[in-house]
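Working notes for the structure below.
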Amino acid sequence: MDNPKRCLLLIDLQNEFLSPTGNFPIDSTCQLALLENVSKAVRDFRATGDAVVWVRSEYTTGKTLPPDSDFLRRTHTSKTPCCEANSVGAAFPDSVAALQITQDMVFTKAWYSAFTDTALRDELTARGITNVYMGGLLTNVCVRATAEEAHALGFAVTVLEDCLGYRKYRSHGQALRSIREGGIQVATRHEV
Numbered sequence: 047m048d049n050p051k052r053c054l055l056l057i058d059l060q061n062e063f064l065s066p067t068g069n070f071p072i073d074s075t076c077q078l079a080l081l082e083n084v085s086k087a088v089r090d091f092r093a094t095g096d097a098v099v100w101v102r103s104e105y106t107t108g109k110t111l112p113p114d115s116d117f118l119r120r121t122h123t124s125k126t127p128c129c130e131a132n133s134v135g136a137a138f139p140d141s142v143a144a145l146q147i148t149q150d151m152v153f154t155k156a157w158y159s160a161f162t163d164t165a166l167r168d169e170l171t172a173r174g175i176t177n178v179y180m181g182g183l184l185t186n187v188c189v190r191a192t193a194e195e196a197h198a199l200g201f202a203v204t205v206l207e208d209c210l211g212y213r214k215y216r217s218h219g220q221a222l223r224s225i226r227e228g229g230i231q232v233a234t235r236h237e238v
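Structure representation (structure tokens):
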């Protein structure tokens with residue numbers, strides 16, 4: 047039997063979250079380890095011929111959604127801008143851009159889940175990818191939303207715990223519990 051095709055799916059590694067001047071910077075205690083582990087995961091996935099997928103957000107401020115909509119099916123609605131198109135915040139920092147190569151896939155999303163209103167599902171399916179390994183930002187918002195939707199779409203999903211970033215450790219921990227309870231695997235990059 048053939049080995050399943052895999053990809054490393056990296057969410058929102060953008061200046062808005064990784065720069066201290068961004069509007070939503072992650073906890074500085076997790077940032078160095080996050081970037082080191084993401085770099086190693088990218089190297090490891092490429093070494094086995096697996097795809098690397100980068101997803102970036104671009105949100106429009108002022109959107110409104112029905113109050114009963116599922117939080118994880120939403121988009122950024124705060125008055126504080128986040129990853130506005132063509133802004134410094136929406137760009138990949140140099141340290142992340144340096145990891146990217148032309149063979150990588152790059153998608154831009156406008157919703158928390160990278161599968162909502164993008165061609166991500168179609169592209170992964172066209173390439174025969176069945177196993178999605180995820181890292182990125184923020185664990186409790188876009189990573190969780192994307193992991194849950196990927197799982198619902200039938201992908202085998204593993205969230206790489208050591209390749210995640212967060213603003214609040216408590217929210218990160220709660221999100222990981224919810225991810226596990228939803229039947230999604232959580233592992234470190236060493237375990238995959």
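Numbering of the sequence shown is given in our numbering, commencing with residue 47 and proceeding in unit increments. Backbone N, C-alpha and C fix where the C-beta goes; we use that ideal spot for every residue, glycine too. Given the structure is predicted, the values throughout are model-derived calculations rather than measurements.
Discussion item. For Ile225, tell me which candidate among Gly181, His236, Arg213, Val238 has the shortest Cα-Cα distance.
Written reply: A check of alpha carbon separations from Ile225 across Gly181, His236, Arg213, Val238 identifies Gly181 as the nearest.
Discussion item. For Thr204, which residues in the same chain have their Cβ closer than 8 Å to its Cβ, ignoring the five residues on either side in sequence?
Written reply: Excluding positions up to five away in sequence, the list reads Asn177, Val178, Tyr179, Met180, Ile230, Gln231, Val232, Ala233, Val238.
Worksheet item: In its own chain, which residues sit with a C-beta less than 8 Å from the C-beta of Asp150, not counting the 5 before and 5 after it?
Response: Result list for Asp150: Ala97, Val98, Val99, Trp100, in chain order.
Item to complete: Can you tell me which of His218, Leu64, Thr162 puts its alpha carbon nearest to the alpha carbon of Asp140?
Response: When the alpha-carbon of Asp140 is set against those of His218, Leu64, Thr162, the nearest one is in Leu64.
Item to complete: Would you mind reading off the limits of the alpha helix (DSSP H) that contains Phe63?
Response: Per DSSP, Phe63 belongs to the alpha helix (DSSP H) from 61 to 64.
Worksheet item: Can you give, in chain order, each stretch of the alpha helix (DSSP H) that sits fully within the region 169 to 230 and has at least 4 residues?
Response: Listed in chain order, the complete alpha helix (DSSP H) runs (minimum 4 residues) inside the region 169 to 230 are 190 to 198, 215 to 227.
Fill in: Every unbroken beta strand (DSSP E) within the region 124 to 162, with a cutoff of 3 residues, ordered by chain
Those beta strand (DSSP E) runs which fall completely within the region 124 to 162 and span 3+ residues are 151 to 155.
Practice prompt. Please classify Val88: does DSSP put it in a helix, a strand, or coil?
Written response: Helix.
Worksheet item: Can you give the Cα-Cα distance for Gly211 and Ala165, rounded to whole angstroms?
Response: Answer to the nearest angstrom: the Cα atoms are 25 Å apart.
Discussion item. Can you find the residues in the same chain that come closer than 7 Å, C-beta to C-beta, to Leu222, ignoring five residues on each side of it along the sequence?
Written reply: Contacts found: Thr185, Glu207, Val232.
Worksheet entry | Span separating the alpha-carbon of Ile147 from that of Arg89 | A straight line joining the alpha-carbon of Ile147 with that of Arg89 spans about 11 Å.
Discussion item. Using the Cβ count rule (16 or more neighbours within 10 Å means buried), how would you classify Gly200?
Written reply: So Gly200 ends up on the exposed side.
Worksheet item: Roughly how many angstroms lie between the CA atoms of Met47 and Ser133, to the nearest whole one?
Response: With a pLDDT of 47 at Met47, under the threshold of 50, the modelled position of this residue cannot be trusted; read the value that follows with caution. Cα-Cα distance, rounded: 47 Å.
Practice prompt. Return the first residue and the last residue of the beta strand (DSSP E) that Ile57 is part of.
Written response: Where Ile57 is concerned, the enclosing beta strand (DSSP E) stretches over 51 to 57.
Practice prompt. Determine the burial state of Asp163: buried for a count of at least 16 other Cβ atoms within 10 Å of its Cβ, exposed for fewer.
Written response: Using a 10 angstroms sphere on the CB of Asp163, the tally of other CB atoms stays under 16, which defines it as exposed.
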